[in-house]
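Q: Structure in C-alpha cells, see below.
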C-alpha cells in the first residue's frame, strides 16, 4: 500500500467508478463517464448521465439512485484512495462495519482488518496515513483487531475456537506489546469470547458470532428433542416397510419418534430409499413436509426421489440477498411439521443455526449426510459434531446395495471411504482410470473424454458430463479447463457480458432475490441490458447486472464447488501439481459426484494412494459436540 498525498476528489471518484462500487454502472459505461464530463460527485446528475453513450434517461435516473445508495462506500473510498488502498476494499468495509463505516475507520483505522482481503501490513499503513505519528504498534486498538483477525483466519480453516496459547504465540510476531493485554482488549470489545472449559486445549478464544451460532444449534436441537411428539404410532411405521432392510426401517422409526435424528452412510447404501419412506410416512400422518438441500441439484434430486417439492436451504429460509440474513427464524418459523435436509455435511455452523432456529417447536428435523465427505466451506463440523456427541439418534447405513447391482462407482467410493484405493475392476466402463504424465497432458485427456470418448462410447452427451478438479489455477485447473472447454463446446465472443447462449455457468454466491444460490449450475440462454438469462435446475432466472459478477463458466468445477451435486458422468481430474492438497475426504467427495460413469484422469502419481490411505480430514476445533453433551 503506497500513500498518495496528491490524490484528489476526482481521483477518488474515478477509483470508485472503476472498482465496481456504483450499482448499475458497468465497466464500459464507467470508461465513458469522463467524455460526458462526469468526473466528480458534483457532476452526478440524471441530465449529465443521460449524455453518456449507452445511457438513456431511465437508466440515468437509476444510476443517480444507485450512487446515492452507495454513499457509505464512497465515504470509505475517500479515506482509502489517498492512503493508497484499493477502492474495492470499501465494499467489504461497509459490509463488515455498516453504513457508518467511514466514521468507524476514522475512530479506529485498524478496524479495516475486518475486511478479509486486508492484511495487517495494509491496516498498519492505513493507520499511519490517518494517525501519523500517533499510530503506535502497541496501540490497544491494534492488538484488539489482530486478535480478531487471527481468529478469523482460524475460521477460514474451519475452526470456531482456538487455544489462547496459540493466539498469543501468533500475536508475538506482530509486536503488539503485551499479548495478554491485546486479548483482554478483544474480549472487552465483545467481538471475541473466551471459553474456560474441560477441553484438552484449556482456555479457548473464538469470534462471538461463531460462539453464538454453536450455542444456537445446541439449544435448538435440544428444544426440538424436548418438544416433539411422535409423528405416528410405532406400529404405523410398518406401512412403509416394503423394500427396506432392518437398519433402514430403524432409521424411519427414529425419525418418527424423535424431534431430531440423523441418517448417514456412503453411496449405494439406500439413504435415498429411506428418505422416500420417511416422506411417505409423514404424508400419511398428515404432516406438512419441507425438503431442502444446500445446492439446487441436490434439491432437485431430493424432489425426484420423494415425489415432493424440494428447494435449496437458502430459499427455504428466505435468504436476504448476499447479507447472510434470513427471513425465516424464531419469530417466523417454517410452516412445516417435518423438515428433511439432505447433504447435511455441507452445513457450516451459522447456516445450521439459521436452520434450527427456523424449525418450530414440536417439529421433526431429519439431517441426511455423509461425514466422510469434505466438511463445510464455512467454519464448524456440524454433522460430524452432532454424530460424535451421542446426544442425537443416529442411524448409519452400511449395506452396499449398488454393489449387488454391479456398481463400480459405489464399490470404489466405499473403499476410499475406508482408506483403501483398490485397482479398478469395471468391464462395463462404469469407472475408467486415465493416467497422465503431467497436468498439461491431463487437460488434453479431459478435452478428449468430454468432447469425444464419453459421448461416443457411452452415449452420455457432453451436456451431462461434469469436470471436477482440485484447483483453480494451472493447466488442469478450472480457469484453463473452462477456457478450453468453451472453445471446443461453445465458442463465441461472450456477447452477453462475457457469456454466450449455451455456456454452462456456476453461481459463486447466494442471490435469493434473483432466484439462484451458491453452487447452482445452469446454462445461459440469452441476455439483454447487462442482464443474463440462465436456465438453472429450478427454472430460468434473469441474473441482473449487479449479480452477474457472481457467475463463472461451469464446465469445470472445484471439488468444493461440486459438493452436494451429482451428474450422470463425471471426469475427476487429479493434477500432479496439486498432489499436496489431496486427502481422503477430497478424493471421496470427487468420486461420489458421479451417478453412471466416472473417469479419473490421474496425474498425481503415488500421492493419490498415500492421501487416501493416510490423510484424513484436517482436524477442526469446535465446541458443538461438547455443548450437546453438556460438557462445554
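In the working numbering, the protein residues as written are 1031 to 1662.
Note that CB positions come from ideal geometry on N, CA and C, so glycine has one too.
1) Looking only at its chain, what residues have a beta carbon closer than 6 Å to the beta carbon of residue 1139, apart from the 5 residues adjacent to it on each side?
2) Apart from the five residues on each side of it in sequence, which residues of its chain come closer than 6 Å, Cβ to Cβ, to residue 1297?
3) Tell me the residue span of the beta strand (DSSP E) that contains residue 1144.
4) Can the beta-carbon of residue 1605 be found less than 8 Å from the beta-carbon of residue 1501?
5) What's the C-alpha gap between residue 1600 and residue 1463?
6) From what residue to what residue does the alpha helix (DSSP H) around residue 1286 run?
7) Tell me whether residue 1601 sits in a helix, a strand or coil according to DSSP, three-state version.
8) In angstroms, rounded to a whole number, what distance separates the CA positions of residue 1513 and residue 1533?
9) Compare the beta carbon distance of residue 1511 and residue 1471 with 8 Å and say whether it is the shorter of the two.
10) Only counting the same chain, and skipping five residues up and downstream in sequence, which positions put a Cβ closer than 6 Å to that of residue 1526?
11) Can you tell me whether DSSP reads residue 1465 as helix, strand or coil?
12) On the three-state DSSP scale, how would you describe residue 1324?
13) Name the residue from 1197, 1148, 1165 and 1524 whose alpha carbon lies nearest to the alpha carbon of residue 1554.
14) For residue 1289 versus residue 1258, is the C-beta distance shorter than 8 Å?
15) Three Cβ pairs or more, each shorter than 8 Å: is that satisfied between the region 1190 to 1208 and the region 1232 to 1241?
16) So the candidates are 1382, 1386, 1645 and 1279; which of them puts its Cα closest to the Cα of residue 1425?
17) Give me, in chain order, the residues of the same chain whose beta-carbon lies closer than 6 Å to that of residue 987; leave out the 5 immediate sequence neighbours on both sides.
18) Given 8 Å as the limit, is there contact between the region 1410 to 1430 and the region 1622 to 1638, that is, 3 or more CB pairs closer than that?
19) Excluding five sequence neighbours on each side, which residues of the same chain lie with their C-beta closer than 6 Å to the C-beta of residue 1226?
20) Since residue 1427 is in the beta strand (DSSP E), which residue starts that stretch and which ends it?
21) When DSSP labels each residue in this structure, what does residue 1644 get in the three-state scheme?
22) Compare the Cα-Cα distances from residue 1581 to each of 1593, 1539, 1241 and 1545 and report the closest residue.
23) Whole angstroms is fine: what's the gap from residue 1420's alpha carbon to residue 1291's?
24) Using the Cα positions of residue 1459 and residue 1631, report the straight-line distance between them to the nearest angstrom.
25) Apart from the five residues just before and just after residue 1179, which ones in its own chain have a Cβ nearer than 6 Å to its Cβ?
26) Around the Cβ of residue 1360, are there at least 16 other Cβ atoms within 10 angstroms (buried) or fewer (exposed)?
27) Determine the extent of the alpha helix (DSSP H) in which residue 1082 is found, giving its start and end residues.
28) Find out if the Cβ-Cβ distance for the pair residue 1551, residue 1522 is shorter than 8 Å.
29) Counting along the chain, where does the beta strand (DSSP E) carrying residue 1570 start and finish?
30) Name the residue from 1466, 1438 and 1469 whose alpha carbon lies nearest to the alpha carbon of residue 1455.
31) Could you tell me which of 1103, 1128 and 1505 sits nearest to residue 1119, measuring between CA atoms?
32) Identify every run of the beta strand (DSSP E) within the region 1221 to 1269, keeping only runs that are complete inside it and at least 3 residues long; order them along the chain.
33) Alpha carbon to alpha carbon, what distance is there between residue 1177 and residue 1217?
34) Is the Cβ-Cβ distance between residue 1050 and residue 1096 less than 8 Å?
35) With which residues is residue 1582 paired in a DSSP beta bridge?
36) Three Cβ pairs or more, each shorter than 8 Å: is that satisfied between the region 1243 to 1254 and the region 1264 to 1280?
A: To lay it out plainly:
1) 1156, 1157 and 1160
2) 1440, 1443 and 1622
3) That residue, residue 1144, is in no beta strand (DSSP E); it is neither H nor E in DSSP.
4) yes
5) 12 Å
6) 1276 to 1287
7) strand
8) 11 Å
9) no
10) 1557 and 1562
11) strand
12) coil
13) 1524
14) yes
15) yes
16) 1279
17) Limits of the chain in this structure are 1031 at one end and 1662 at the other, which puts residue 987 out of reach.
18) no
19) 1233
20) 1424 to 1427
21) helix
22) 1539
23) 11 Å
24) 14 Å
25) 1143
26) exposed
27) Looking at the DSSP string, residue 1082 is not in any alpha helix (DSSP H), and its letter there is neither H nor E.
28) no
29) 1569 to 1573
30) 1438
31) 1103
32) 1222 to 1225 and 1234 to 1237
33) 9 Å
34) no
35) 1536
36) no
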